[in-house]
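Residues are numbered in the working numbering as their position in the sequence shown, beginning at 1, plus a constant of 35. Don't be surprised by glycine CBs; every beta carbon is placed ideally from N, CA and C. For clarity, every value in this text was computed on a predicted model and none was experimentally measured.
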Amino acid sequence: MINPTRSKQPLFQHIYQLADELLRANERFTKRWSAKPPR
């Protein structure tokens, strides 16, 4: 059986990848931020 959302797969994959990268960057940023507080 063919999945109807197969054509939209690449877009979702791209969005998912972007979200993953953002999460990773945010995690790194918060880690660095907590390492040396702003004050």
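In the structure shown, Lys-66 falls within a helical segment according to DSSP collapsed to helix, strand and coil. Straight-line measurement puts the Cα of Tyr-51 at about 12 Å from the Cα of Arg-59. Between Thr-65 and Glu-56, the alpha-carbon positions lie close to 14 Å from each other.
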